[in-house]
Each structure stands twice: as C-alpha cells, then as structure tokens.
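What follows is a short report on a single structure.
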Amino acid sequence: MIDASTPAIEPAAASPGDVEPIISDEAIDALEPGTDEFTKIVQSLEHYGAKFPPWFCDQPVEAVRAGLKKAARSEKVRETYQRKKAIEAARRPPIPTIYIMSDVPGMSEQALDAIRQANADRPEVFARSGEMVALHYDEQRQRVILKSVDKETLRGILMRCATWLRTKVNKDGTVDEMQTTPPGFVLEDILSMSPHHWQLPIVKGVVEVPIVRLDGSIWVVPGYDERSKLIYHPTEDLAGFHVPDQPTPDDVSAAVDLLNEMVHDFPWYGEQDAEVAGAAKYADRANAVAAMITQVARPLIAGPVPAYLVDKPAPRTGASLLQELMYTVLTGQAPTMKPTPESNEEFRKYITGELAAGTSIVLLDNIEQRLKAPALATIITAPAWRDRKMGSNAIVDYENRLFWLLNGNNVQLSPDLAPRCFYSRLDARMARPGEREEFLHSDIRRWVKENRARLLRAVYVLIRAWIVTGRPAPEKLPKLGSFENWVSVVGGVLHHTGIEGFMANQTALYDAADQSAVQWDTFLLAVHRVFRGPFTVAEVADRLEVEDKPGVERILSPTLPEELDDGRQKGGHAFRTRIGRAFTRKRDVVFPSGAMLKKGGVAHGGGTAWIVRTKQEPDQLQMTIKPSGSGEGGEDVEAKTSTPCEDPKWYNNSIGGEITSPPSPPSPLPPIPSGCLKHPIEAYAPRKYDSSILCIVPGCRRHAEYAAGAGGFPLCEGHFQAAKRQAARQGGDPR
C-alpha cells in the first residue's frame, strides 16, 4: 500500500523480462511536471527510498518520466515497498473502502459499519451516557480514560477504520482514484444520530482490577466485558492473576493475615484508647479493609457507596499514606493527589470531569477547611449525575460509579456529609508522628508495590469465599441510610471472614463531624431558659444587646452559635435577618438533648412567634456559665439536665406535638425572682394561651394567662396578682 499521503495507484502488470514496478508506466506517462499529482508521485518514491538529484525536475518531460519509471522498478524501492506493505497487513486486518459520493446517509452507514468491524475483536469505541466515547491512553499505555468523540477525533478513527477514496474522471475518459479523508458532513451526520443508531457497545467505566460479576464469576481477561459493561485495563504486575474458585478456610485466614500485615504499622485510634470497648475497638482497622472490599466488589453493589474518611489529630500520622497504599493496590498506580475544590461550583465541575473520564476512585488529600459541599453530598448518594457537558451547553447523564477517599486533620464534615461517610481514625499519641520508628516494613510503599498482586488476591479471596457459601448475611448489620446494599455486601464479607468492628465507630463520626448541632442545642436550651414561652427574633436580638451591658447576667451571648456570632457585629436589621433565616433552617430539627425549635404562631404586630420545645422543665435546665477565658473560645455555657419529665409525652411548651394535661401545680406559690419580668406589671393583659404554655417563674407549672408585649414572659393568674400587690405595696415596679 502506498503511503496515505499519496494517491493509491495500482502497480503495472509485469511485462516479460521486466520486473513489476510499484507505480505503473501508464500512471507516470499521464503525469504533467508541476502538478500536485506529479509532486505526490515523486514524494511517494522518495518515501520508499528513491533518490533524485536536485536538477531532476528541470530535465525534459520524457527524461523525468523515464527517471520515475526507473525508480519505480528499483530493487531498493520495491523491497521497501513490500516490507512496509507486509508490516501494514500484519498490523491490522483488511479495511473497507468508502467512496465519496452524494449519498450522505449511505456513507454514514458504511462508516459506522467500518467502526463496528474494527471494534469486533477488541472494542475501543463505545456509547456512554448519550455520547460516543473512545479509549484514550497515556504515552506509556498505563493510564486510560474515556474521552468524548468530537468531529476531529471521529475523523481520525474513520481514517484508520476505512480507506476513503475520491474518483476523478480525466479528459480522456479514464478514472483516477485518489485517497482522501472523511468529509465533514459525514462526521456531523454520525454525531447527530441517536446513540441507538450507532449500535456500539455500551460502557460504564474503566477498572484496573478484575471484574466481579453479579453472578459471582470473576472476569480476568483484559479488555471489554460485555456482561458488566466495564473495561478491564490491568497493569503488567497482574499478568496471570488467579483467584481460587473455592477458597478454603486456610486461604481466607492467609488473606486476612496479609491484609493485616499491610496495615500493621498504622496507629489505629480505637485499639489504643482504653475507653473504647467492644466492636468499636477494631472499627478503624475493619473499615480500612472494608474500603478495599468496596472498590473490588463495586459491580456487586446496587446503588451508591459512601465515602471513606481517614481522620487524624496531627500531620504525618499516616492518613494520606494509608489511602495512597489502598489506591496503589486497587489501581496499580500512584494516586494523582488533588486539592479540595474551594467552592460548590468547583466541586460540581470537578465531579463532572471525573465522571466523564470514567474514573472509579477519587482521592481528596489533606482536607483543611470545614468540608461543606452540596455537590459532593449529592454525588455520594446519587445513582446518576446530570450536568452540562464540559465546554458546552449540552446536558449529559452519567452513571455514578465514583468511590471517594478523603483524609485530613480533625476533618469537620457538614451535617449532610457525615451520614454519607464511614471512617477510620489514626492517632500516634506523640508530638511528632513522623519520627516514629520500628516499623514492620521500613519501606511500606515498596513492599505494597512488590506485593500488589498478592494483596489484591487476598481481597478477592474474601469476596469469593463469601459468594460460594451463598452470600450469608450477618444477624445484625449497621444502619446507614441510602447505602443498604453496600452495607449488606461489605458487611456480609467482613462478618463471614471473621473481621469484627465494621462501622462500629459511626456514632463517634457523627459526634465529631460538625459542632453546629451541639452549639445550637446549647443555644436553644439557653433561649428556653430565658423566654420559657413564645418569643420573636426581635426579642432574641434585644436580649443579646442587653447582655452586652455591664451588670446583666449573660445567658444567651456565651451560647451563640458561630453562624450567628459571625454576623453579630453588624447588628441592627441585618443581624435580625440572619437570626430569622437561621431559625427557619433549624425549624423542627431535633437536637441531641431533645430540644426543638418550632413556629408558635403569629406574634403581636404580625411577626412570627417561635417557641422551643424541650423534654425538660425550665427549672430543670441548669445553666453553668464558665468565667470568661475559661475555654478556648472565651465564655462557654454548659446545659445540664436533671430529672426527666414526669410524663414523657408532655412538653412544657409544646406546639404541634402530642399534648396531655400538665402535672399538677406545686404549692405554695414560688416567688418571682428579681429581673424575671421584662415589662411593668401594668403592661400585662389577659391572653388566651393553650394548656402547653406555662408561667415564666421557675418551678411554677400553672397555665399562663397574662403577658405583655409580643406575648413573651407569660404569667399565671397567681403570679400576676402577686406582682400587682407587690407593686402596690412598694409603690413602684416589681421588676
């Protein structure tokens, strides 16, 4: 075959006593010096080894043609031509020829047939999420991604799948065929088709480890697996990889020992802390093994999988190293460390890019700031992801197969991320963790790289042993909403192989993930102590302003959540708006103590009245205020609960819940503490409260019947009359 840059001209038939030229005499005789065809013939002969002097084209035409004929019969040129032709024939099977014509649909169908033919043995062009995609290798053919096929990419694919010819009718009636490239209108027509017209294999992603199919069989042949719709692209160290069909107990025991050897030197928090007991003691190590099982068993898991977080109190404790080793075992490559996107919009683009590339594992290293990203929370639980295609306005849908690895120092997760993670905590319990010595493997990276196939085989042995015994489920599995199938598969494998502690530390993750719940719980208990009944945003803001004055007991200020405290300096309307929006977000949230913020109807003046519902009486909420500077953040408030309610169904200021009659009022009438009343007693007037609203005086459980202002600081009949008598006796305000 003549080089693609030259026209395809059939060699002349050999005449008696003559050798067969690579270009026929007739084709050479038809050439005119100076034309494009003449130049291409000269370049073609030079490509195969012919040498022409600089003055060659300046000769008479007949002399030039004679020289070209001689070169076409040259032994060196013919040998080079035959050798390259043989190499080309061995490199790929014969490809079809497509003639450029006016029938565009016909050419498009021929082009798709050519792609399907090239795809027959080892597919490299696929349909995915409504797009045509192709495998894209790096320079060492180690990393591979799925790349969207655009016009230029499709042009290159079709040039390799078929020979494209354009015909030319000469003046003498002869027809010449010239090799060309696929025309643009054919490329546009193919890309505009509905994906089902392409009839290309469907692909879900690329994996670097053998594929565990739904039926429990393991696909170890490199390339595309029709049943799982995955592409297996192994590294060289997995050549000859084998998993026993029926693992023995000894196989399972050896696999567990090998995986424990890999993580032996990591300082697992639970195993060192005497206060951690039961299964939670081994949860950190068990969850590390669970993370490796998650990726290998991913095709068995219907739906999403949670992210795996490795937390630590100080740098160089080993969180990054642990996940780097996992990544190496699961992919055969060192991870490409990625910084955490700084905004939700950047996270969205980042996620779309990883899904488009067919990535299976994403590692976010060294998370420093509080991790709050709605896009990340969504992708962890979403079976599919819809977004704009990168660099375009087209909408694409990707099946979600991402497994997220996260690590950092005392990582703070937002409330919506904590239930989407399982985690391990490391703690070296020393000032400089990086100076630890006496490791089982001094160079753990090298050991893992050398033993990668063994370590990976150990994970497959655990999974296969669980499958062949009927995939037994343990009697009790941990709960993790939206990830039930993941818990069933991974928990089943771990339980069957005797690895204890799976997710037994989940409560600790929730407690440490985000402090806002604790802050709001303390604040609402303080609000409950101050108001004891309905209150407005304005009253809360006014109370905070009053507490800034000397001599006023500070109850709310020390408990103010960070999200409110950050905007307090602005004051005025902006601060009140911030409180109102925060209250709306926290409405009906049940906090650890049982406190709940609810709407209490419409306040006097048309504003919204709020109320705190608790499971404790106002006088049972003992507020301990620490001196300023006693804690890292200055003044702190600790809410303590004494005895529980006599009737658990009754809440002292319940709105919208189940309400029964409150306990009988105590006797005698408790005195009104100094400063309890916000308004002069003359400002109080009868109010129609329901039975859930009680008197503001601590210890009084009588129904509230009088109030002033917007309805705050309610008083029962007894305390209202007592305050009036006190004001009459003293001739002034009982406050």
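Numbering-wise, the numbering used here comes out as the position in the sequence shown, counting from 1, plus 338.
For each residue, glycine too, the CB sits at the ideal point set by N, CA and C.
So, is residue i buried or exposed, given that buried needs 16 or more other C-beta atoms within 10 angstroms?
| i | result |
| --- | --- |
| V831 | buried |
| T860 | buried |
| M841 | buried |
| N475 | Checking the sequence, you will find Tyr at residue 475 rather than Asn. Classification of Y475: exposed, given that the 10 Å Cβ count is below 16. |
| S777 | Rather than Ser, the amino acid found at residue 777 in this sequence is Phe. Per the 10 Å Cβ criterion, exposed. |
| I801 | buried |
| A351 | Low confidence applies to A351: its pLDDT is 39, below 50, so where it sits in the model is not reliable enough to give any reading. |
| R795 | buried |
| S730 | exposed |
| P587 | exposed |
I need the straight-line Cα distance from residue i to residue j, nearest angstrom please.
| i | j | result |
| --- | --- | --- |
| P359 | T373 | 22 angstroms |
| G967 | P896 | Unreliable positioning characterises G967 in this predicted model, as indicated by a pLDDT of 33, which lies under 50. A coordinate reading is not provided. |
| I639 | W824 | 6 angstroms |
| S931 | Y848 | 15 angstroms |
| V890 | R906 | 18 angstroms |
| P1011 | R1067 | 17 angstroms |
| S980 | A933 | Low local confidence applies: a pLDDT of 34 at S980 is under 50, so the model's placement there is unreliable, and no value is given. |
| R411 | F376 | 17 angstroms |
| F579 | V797 | 13 angstroms |
| W393 | E515 | 30 angstroms |
| A912 | L902 | 11 angstroms |
| V634 | E609 | 26 angstroms |
| E490 | F523 | 12 angstroms |
| P371 | V442 | 35 angstroms |
| E788 | S555 | 26 angstroms |
| S362 | A500 | 24 angstroms |
| P1000 | V868 | Reliability fails at P1000, whose pLDDT of 37 lies under 50, so the model's placement of it is uncertain and no value is given. |
| P716 | E692 | The question names Pro, but residue 716 is Thr in the sequence shown. If you take the alpha carbons of T716 and E692, they lie about 15 angstroms apart. |
| Y1044 | N738 | 59 angstroms |
| G829 | S820 | 15 angstroms |
| D622 | P520 | 58 angstroms |
| A404 | G494 | 37 angstroms |
| P398 | T435 | 37 angstroms |
| S486 | S446 | 19 angstroms |
Residue i lies in the beta strand (DSSP E); which residues open and close that run?
| i | result |
| --- | --- |
| W606 | No beta strand (DSSP E) contains W606, which DSSP labels as neither H nor E. |
| L473 | 469 to 475 |
| W723 | 722 to 726 |
| K378 | It is not in any beta strand (DSSP E) - K378 instead sits in the alpha helix (DSSP H) that spans 374 to 385. |
| A1046 | 1044 to 1046 |
| S486 | 482 to 486 |
| N843 | No beta strand (DSSP E) holds N843; DSSP gives it neither H nor E. |
For residue i and residue j, which I take to be in contact (beta-carbon distance under 8 angstroms), what is that distance rounded to the nearest angstrom?
| i | j | result |
| --- | --- | --- |
| A449 | L538 | Incorrect: roughly 12 angstroms between the Cβ atoms, too far for contact. |
| G871 | A615 | Incorrect: roughly 43 angstroms between the Cβ atoms, too far for contact. |
| W536 | M470 | 6 angstroms |
| Y437 | L503 | 5 angstroms |
| G839 | A617 | 5 angstroms |
| A452 | E462 | Not quite, the Cβ-Cβ distance comes to about 13 angstroms (not below 8 angstroms), so this is no contact. |
| R809 | K650 | Wrong, their Cβ atoms sit about 35 angstroms apart, outside the cutoff. |
| F741 | A713 | Not a contact, Cβ separation roughly 16 angstroms. |
| K937 | T946 | 6 angstroms |
| R318 | Q750 | There is simply no residue 318 to check, as the chain begins at 339 and stops at 1073 in what is shown. |
| V950 | I917 | With a Cβ gap of about 14 angstroms, V950 and I917 do not count as contacting. |
| L383 | A401 | Actually they are not in contact, since the Cβ atoms of L383 and A401 sit about 16 angstroms apart, beyond 8 angstroms. |
Inspect the beta-carbon positions of residue i and residue j and report whether they are closer than 9 angstroms.
| i | j | result |
| --- | --- | --- |
| L793 | L597 | yes |
| K676 | V700 | yes |
| Q1081 | I483 | One cannot answer for residue 1081 here, as it falls past the ends of the chain, which runs 339 to 1073. |
| H834 | A855 | no |
| I689 | G746 | no |
| W948 | F1058 | no |
| T512 | A368 | yes |
| V799 | A628 | no |
| R460 | Y562 | yes |
| R1040 | G1056 | yes |
| L702 | L755 | no |
| A624 | L660 | no |
| D735 | S467 | yes |
Could you give the residue range of the alpha helix (DSSP H) that holds residue i?
| i | result |
| --- | --- |
| Y437 | Taken as a continuous stretch (DSSP letters only), Y437 belongs to no alpha helix (DSSP H), being part of the beta strand (DSSP E) at 435 to 437. |
| C759 | That residue, C759, is in no alpha helix (DSSP H); its beta strand (DSSP E) goes 759 to 763. |
| N625 | 621 to 634 |
| Y798 | 790 to 806 |
| I361 | Segment: none, I361 is in no alpha helix (DSSP H) and carries neither H nor E. |
| W502 | Here W502 belongs to no alpha helix (DSSP H); instead the beta strand (DSSP E) covers 501 to 507. |
With a threshold of 8 angstroms (Cβ to nearest heavy atom), would residue i be considered close to the ligand ADP?
| i | result |
| --- | --- |
| E599 | Ligands are entirely absent from the displayed structure, and the ligand ADP is therefore not among its contents. |
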